[in-house]
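Just below is one structure, and these are the notes that go with it.
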Amino acid sequence: MEHPPRKPERPKLCDCPKCVRSSDDGKGKILPPRTYRNHAKHREEAAQARHDAFFERFGPPSVPSSSSANVARRRRRPGQKNNSTTSGPSTGQENAIGRSFSPVDDSMDFQQPLTPPNDPIQRAPSPLDDPISFQCDPGPLDDLLDDELSSPFDPPADEDSEDEDDEVMSHPAREDSEDEDMGRQGVPRLPNSFQIEYDLWSVPDEENPLDDENAGGIPANNSDDNGNAAHNSSPQPTIPMLILANDMIENIKTARLEDDLPDKMLARLRSPPNEPVALDPITETSMGIFNALVSGSERKYNAVRHVLSLHRPTPTILDSYHVVKRKIEQVTGVMQISTQMCINSCIAYTGPLKDLDKCPKCGIDRYKENPKTKKLEPQQQFYTIPLGPQIQALWRTPEGADRMRYRNRKTEEIIQEFDRSKRIPQIEDVFHGTEYLDAHRSKKIGPNDVMLMFSIDGAQLYRDKESDCWFAIWVILNLSPELRYKKKYVLPACFVPGPNKPDNMESFLLPSFRHVSALQKEGLRVYDGHQQSYIISRPFFAFGTADTPALPVLRGSVGHHGNSGCRQSCGMPGRHKPNKPTYYPAVLQPRNYTIAKCNHDDFDIRKLGPPDCAVYQTNLKKVLVSANKTRYAANRLSTGIVRPSICLGFQPDLTIPVPRCFTLDLMHLISLNIPQHIVSIWRNTSEIKIDYEQGAKPDFIVLDDENVWQRHGKQVVSTHHYLPASFDRLPRDPAKKINSGYKAIEWLNYFWVLGPALFWVVLPRTLWMHYCKLVSGIRLLHQRVITDEDLRRAHQYLNEWELEFEVFYYQRQVSRLHLVRPCVHAVLHAARETVRCGPLNLLAQWVLENLIGNLGREVHQHSNPFMNLSQRGLLRAQIIALNSVVPDLDPEPPLPRGAQPIGDGYVLLTAHDKKFHTIIDEKELSALSQFFEKHDKPGHQRIINGKYSLKRWARLSLPNGQIARCAWKEIENNLSRISRNVKFQLDGFTYFAEVQYFFRVKIGEESDSDSDSDSNSEDSGWYNLAMVSVYSDAIQNHLDDSFGTLRVVEYEGKGLLEVIDAKSICAVVAMVPFILTEQEKTIPAICEHYSRCFFVGEKPFLDFTSTTGPLQQECSAEIQTT
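Under numbering that gives the first Met the number 0, the letters of the sequence shown match residues 0 to 1121, in that order.
Structure (structure tokens):
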């Protein structure tokens, strides 16, 4: 069989220096293939010239360019960690200054302990127009878990430690031999009348209320405060690493849309369609099925397509899988930008690195030759999904535009409330924070602008092999909190493949940030479907969030083990152990401590304030003008700044300035770092164990005995039956699973919900009360709506807890300095950051962690998982845009069959009686009679001959998403998790009760109809009620000693029956049997007293109960009288 003749190779355009010089247009000459290949030498010379110019500006490479040598270095030996995946503090010059372009000589060792400055930066809170003063105890302190001394080219910490404060030192030796009993000398108290000036909201003058008309009369932040002027006049650095960082920032600032987008995408972006999407029936059906099967595989879609093609008599021929994808891309305009990167994930060829042909870090070639076509192809690419088309899709329909206007409506509500009461009584969204209100007041953010939160994190796709991948997303804060964190509204930004961690993450973020910066300058033309007109919208960069390893990438700062490692740049210096490199943010000075520049007196935490842009710019200039390696190291140590933040590249008038755009990550801090650290102290299992063989055992080591620990684990498991299904994952036995991937939600339920009762039986009373103070403060800040009073109490509790922690645990002993980890220090910023940024749980990493989970589950091509993940991310962005422009493809799910909406987000759910149920129980009839006397006086006449008939309902769906059940069906079905205990409001007070059943009655007229489904609200006379058994009032001594966290109540059964409005139910709670100590179990009187007692567990993120009413006391008095 003869092969067809080979097609002649097409001429190619040669861009070597020789052909460029001799061509007319300066773009090279078209040469036949053989001549093109013969010019390889000239192209290599050009590449070498680019490399030489690059290294002349940024310094020589830190490793040989030999690819084989690089591969040998990267191959991990048994028992030896690779530098690119090492956690903990930096180990040597390469980690401390810059692994790619080292500005220092090899003799410089930055792991030697460096001393802090003589005068640590201390700063009072920024001045206000009319400051609001909170009366409380100690002021705030420092911030969260940052990284160690990381360089801009260093990878983040190892994945095993990204969610905790890593302890690097593994030597348990005690440097301090002082007696531990000498440590507890009482907590140093600050004046009770100390006033903390909260920047709660910038209060304008009477003549200048907080609205758009008069905002111009209010002086906006000056250039020094917002960092604009200081940045514009920043000095030019001389150290190569800082030059590269500055060049990247300038590359972002000067970005243009036409520089990065292909012509087709650019034309669509600047001229978006303004008409509803018209789809023919076949295309609409194809897209609908594609949308329904989007999380599945191509095979599933083809199977459905095949079945429909067999339909008789008229087969339906759907579009093919690839045709549907192409049409979705055309309809939405969402496409990806591919950018070349080093195959070892060292750098991306962007910005100042775009012209390189070899990686300056590892020396691997940028391109490889295709053996078949003999063409040069990129070794590896990563993908960026531009934000502009995704935002345009959200505005395009009337419904979408209305959702995007939520920010305007909420701002107007806040302004009206402020005009009415001259205060903002509660914080429930980011728009209540001072950062947003200041931006609105100064008109930095307009009514059509889109407020953004950027979030980045890394994860392993596979548990048991190296498969690091980095995810970045945009969260649209214009949407309401009920929508913005849902899967269908979280916009992918970029995906950085592994398996190694990037050495220069900024180069991978450059395409996303350049695109946003270009949109800020030019403006994004969008079609407002509600106004039926084009508007100009600009993206406003509000917050950049990340966990511990990733935040220094955005901030350009040292890690959390540095001297100035505070996440909020509070300026509090650390202290380190003798001959150890790790700094700890201890407020109290250790005894007999003589380390120079670490032995400052007890730090006055009242002098700490929020992030200060003027101080940041001053410190940044100090770092940039460093004349040599030694001065740079000293400046970095004193300021905590490694390099300029990449976020300085955004347009200064459309961003919250650095460092104020960074806040706490409440997810990792509260759900992982603090619980893990404190439990490890109680178990004495941290990497540096406390050695007490020569002295008394510290009273805080209570779970080190294996029998006690195993018994504690069984107590945790015994609570499972009493936790409602809405509490999500049950906490597993910590004695067996605490080191086996204990999830964040498990830590939340274990440490913050069940903890006050579980640790009551193991901790000494003083330490238990100290722990409860922390729980109370965190619960107050974890609420969905946070009041003025809650903020004050939380701030006071958390500041007292930190000082007492140092007194009770650290005890001024140098050997215990490691117990004061950054997460302990971080809680001091929580209340202040809530005032500044809004509820911190709305800015936490939950949304990104959820996206990582559900996108990771969609990866099924395990031979090339990173490419598969990138394609799934692009598809996710396209489907979000498709559902926005064609909402009919994504209808809201219908209510379950038989459901009965009763208004305000409440829905009665089956099962329910099909026939009337006759009530004959005297106590139930008495409760009904009392209700009718109060609401419908003739109603008691319906109780005839000691009977009353009604139809019961089994479940009630609440507006917060929880489902309340009832004893009628739960006991009958013997469900494994109890969900019938609820919290409800009555006359302004909070109560707890067990629901017996739900029912509906018609007030004002006799009703003997067999159906009540023809009416959905009280407007037609229907009352939606619940028969509940109210729990007694809380035992006061437990409530007081635990700062409101341990609420122990007694179950009264039918002795406290009450009929309540079903809509008064706020939440489903857990009622867990109260746990007694081993000693108490031996006393019959105590066992009898607590036999019917339960403690209340409330789901995190909901409102924390702080007050109760007199109903229980009145009912209890009635029972005692009877």
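Ideal Cβ placement from N, Cα and C applies to all residues, glycine included.
From a predicted model like this one, the values you see are computed outputs, not experimental measurements.
Going along the chain, which residues of its own chain have a beta-carbon closer than 6 angstroms to the beta-carbon of Val552, five neighbours each way excluded?
Correct list, in chain order: Met504.
With DSSP run on the structure shown, which of helix, strand or coil describes Val474?
Correct three-state label for Val474: strand.
Could you check how far apart the C-beta atoms of Phe453 and Ile242 are, in whole angstroms? I think they sit under 8 angstroms.
Cβ atoms of Phe453 and Ile242 stay farther apart than 8 angstroms, at about 25 angstroms.
With a threshold of 8 angstroms on Cβ separation, who are the neighbours of Trp967 within its own chain once the five nearest residues in sequence on each side are excluded?
The beta carbon of Trp967 is closer than 8 angstroms to those of Arg951, Ala953, Gln995, Tyr996 in its chain, skipping five residues each way along the sequence.
Report the three-state DSSP secondary structure of Asp279 (helix, strand or coil).
In this structure, Asp279 counts as coil in the three-state DSSP scheme.
How many whole angstroms separate the CB atoms of Ser725 and Lys1098, which I take to be in contact at a CB cut-off of 8 angstroms?
With a beta-carbon spacing of about 6 angstroms, Ser725 and Lys1098 fall inside the 8 angstroms limit used to define contacts.
Give every residue of the same chain whose Cβ lies closer than 8 angstroms to the Cβ of Pro234, excluding the five residues on either side of it in the sequence, and list them in chain order.
Answer for Pro234: Lys620, Leu623, Val624, listed in chain order.
Applying the 10 Å Cβ sphere with the 16-neighbour rule, what's the burial state of Thr593?
Classification for Thr593: exposed.
Considering only the beta carbon of each residue, do Tyr808 and Phe699 sit closer than 7 angstroms?
In contact: Tyr808 and Phe699 (Cβ atoms closer than 7 angstroms).
Would you tell me roughly how many angstroms separate the C-alpha atoms of Gly543 and Trp708, rounded to the nearest one?
Near 40 angstroms, if we compare the C-alpha coordinates of Trp708 and Gly543.
How would you call Gly902, buried or exposed, if buried means at least 16 neighbouring beta carbons within 10 angstroms?
Classification of Gly902: exposed, given that the 10 Å Cβ count is below 16.
Identity of the residue in Gln877, Phe289, Gly432 nearest Pro385 by Cα
Nearest C-alpha to Pro385: Gln877.
Quick test of your reading: Tyr382 and Leu873, contact by CB under 8 angstroms. State the CB separation rounded to the nearest angstrom.
Between Leu873 and Tyr382 the Cβ distance is about 7 angstroms, and since that is below 8 angstroms, they are a contact.
Please return the same chain residues whose Cβ sits closer than 8 angstroms to the Cβ of Ile1059, not counting the five positions on each side in sequence.
Excluding sequence positions up to five before and after Ile1059, its CB lies within less than 8 angstroms of the CB of Phe983, Leu985, Ala992, Leu1024, Ala1025, Val1027, all in the same chain and listed in chain order.
Any C-beta of chain D under 7 angstroms from that of Leu753:
The chain inventory of the structure shown lacks chain D, comprising one protein chain alone.
When burial is assigned at 16 or more other CB atoms within 10 Å of the CB, is Pro10 buried or exposed?
A residue is called buried once 16 or more other Cβ atoms fall within 10 Å of its Cβ, and Pro10, having fewer, is exposed.
If we require 3 or more residues per run, which beta strand (DSSP E) segments fall completely within the region 392–467?
Within the region 392–467, the runs of beta strand (DSSP E) at least 3 residues long that lie entirely inside it are, in chain order, 449–459.
When the Cβ atoms of the region 831–841 are set against those of the region 418–432, are three or more pairs found closer than 8 angstroms?
A contact exists between the region 831–841 and the region 418–432.
Neighbourhood of Arg642 by C-beta distance below 7 angstroms, restricted to the same chain and skipping five residues each side:
Pro151, Met240, Leu241, Ala244, Gly555, listed in sequence order.
I'd like to know whether the C-beta atoms of Ile472 and Ala492 end up nearer to each other than 7 angstroms.
The beta carbons of Ile472 and Ala492 sit closer together than 7 angstroms.
Quick one: measure Cβ to Cβ for Ile1064 and Leu957, integer angstroms, because I've assumed they're closer than 8 angstroms.
Confirmed, about 6 angstroms.
Would you call the region 314–329 in contact with the region 279–286, where contact means no fewer than 3 C-beta pairs closer than 8 angstroms?
The region 314–329, when compared against the region 279–286, does touch it at the 8 angstroms Cβ threshold.
Which listed residue (Pro510, Met666, Ala1069) has its alpha carbon closest to that of Gln335
Here the closest residue by C-alpha is Pro510.
Should Val306 go down as buried or exposed, given a rule of 16 or more other Cβ atoms within 10 Å for buried?
With fewer than 16 other CB atoms across the displayed protein chains lying within 10 angstroms of its CB, Val306 is exposed.
Short check: CB of Cys732 to CB of Gly754, under 7 angstroms?
As written in the sequence, residue 732 is Asp, which differs from the Cys given in the question. Taking a C-beta distance under 7 angstroms as the contact criterion, Asp732 and Gly754 do not qualify as a contact pair.
Taking Cβ positions, are Cys822 and Ile689 nearer each other than 7 angstroms?
For Cys822 and Ile689, no; Cβs fall outside 7 angstroms.
Just to confirm before moving on: does the CB-CB distance between Tyr582 and Gly573 stay below 7 angstroms?
In this structure, Tyr582 sits near Gly573, with a CB-CB distance shorter than 7 angstroms.
Classification of Cys1086 by the beta-carbon crowding that lies within 10 angstroms, buried from 16 upward
When all chains shown are included, Cys1086 counts as exposed.
Under DSSP, the alpha helix (DSSP H) around Ala632 begins and ends at which residues?
From DSSP, the alpha helix (DSSP H) with Ala632 extends over 628–638.
Beta carbon of Tyr796, beta carbon of Ser775: below 7 angstroms?
Judged by their CB atoms, Tyr796 and Ser775 are nearer to each other than the 7 angstroms cut-off.
Evaluate Ile281 with the Cβ neighbour count: other Cβ atoms within 10 Å of its Cβ, from every protein chain shown; 16 or more gives buried, anything less gives exposed.
So Ile281 ends up on the exposed side.
At which residue ranges does the region 954–980 contain complete alpha helix (DSSP H) runs of 4 or more residues, listed in the order of the chain?
Listed in chain order, the complete alpha helix (DSSP H) runs (minimum 4 residues) inside the region 954–980 are 966–972.
Taking the Cβ atom as the reference point for each residue, do Val1068 and Val1047 lie within a distance shorter than 7 angstroms?
Contact check for Val1068 against Val1047 fails: the beta carbons are separated by 7 angstroms or more.
Closest to Leu907 by CA distance: which of Tyr1022, Val322, Phe930 is it?
Nearest of Tyr1022, Val322, Phe930 to Leu907, Cα basis: Tyr1022.
Backbone CA spacing between Asp766 and Phe1093 [nearest angstrom]
The sequence shown places Leu at residue 766, rather than the Asp named in the question. One C-alpha to the other measures close to 23 angstroms.
Going by beta-carbon coordinates alone, are Ile342 and Gln380 separated by less than 7 angstroms?
Cβ distance not < 7 angstroms, so Ile342 and Gln380 don't count as in contact.
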